[in-house]
Amino acid sequence: MQQLGLRSKVRVKRYRSYRGPVGKKAPNLLARDFHTASPNTKWATDVTEFKVQGRKLYLSPVMDLFNGEILAYELSERPVLKMVTGMLQ
1 MQQLGLRSKV
11 RVKRYRSYRG
21 PVGKKAPNLL
31 ARDFHTASPN
41 TKWATDVTEF
51 KVQGRKLYLS
61 PVMDLFNGEI
71 LAYELSERPV
81 LKMVTGMLQ
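End of the sequence shown = 89 in the UniProt record's numbering, gap-free, step of one.
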């Protein structure tokens, strides 16, 4: 190959942030309809990773879709289910 000037392509492995089996996927109950006529009828949450002073922190807020108010939040050093369930309680 070198004599012919050919080079092989090396495929870069895709990054996967999770190990082990994939959990259950929640149903899409909102169907991208993020508007509501009254408070406390639709809430949304997510987990966001931040780097603060060289270490990772994970933020999980819950937001009321009526007015965008943050009702509760939880910070953790690891993105675990306990963080989200603790925030919802």
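Even for Gly, the Cβ is constructed at its ideal location relative to N, Cα and C.
Predicted model, so just to flag it, every value in this text is computed and none were measured.
Using a 10 Å radius around the Cβ and a threshold of 16 neighbouring Cβ atoms, would you call residue i buried or exposed?
{"i": "Ser60", "result": "buried"}
{"i": "Glu77", "result": "exposed"}
{"i": "Glu69", "result": "exposed"}
{"i": "Glu49", "result": "exposed"}
So, at 6 Å on beta carbons, what are the nonlocal neighbours of residue i in its own chain, with the 5 sequence-adjacent residues on each side left out?
{"i": "Leu71", "result": "Val62, Asp64"}
{"i": "Pro79", "result": "Val47, Tyr58"}
Just to confirm my understanding: we take residue i, look at its own chain, exclude 5 residues before and 5 after, and list those with CB closer than 7 Å. What are they?
{"i": "Asn40", "result": "Asp64"}
Could you have a look at residue i and say whether DSSP puts it in helix, strand or coil?
{"i": "Thr45", "result": "strand"}
{"i": "Met83", "result": "helix"}
{"i": "Leu65", "result": "coil"}
Starting from the C-beta of residue i, find all residues in its chain whose C-beta is less than 8 Å away, skip the five residues before and the five after it, and write them out in chain order.
{"i": "Ser8", "result": "Met1"}
{"i": "Lys56", "result": "Glu49, Phe50, Glu77"}
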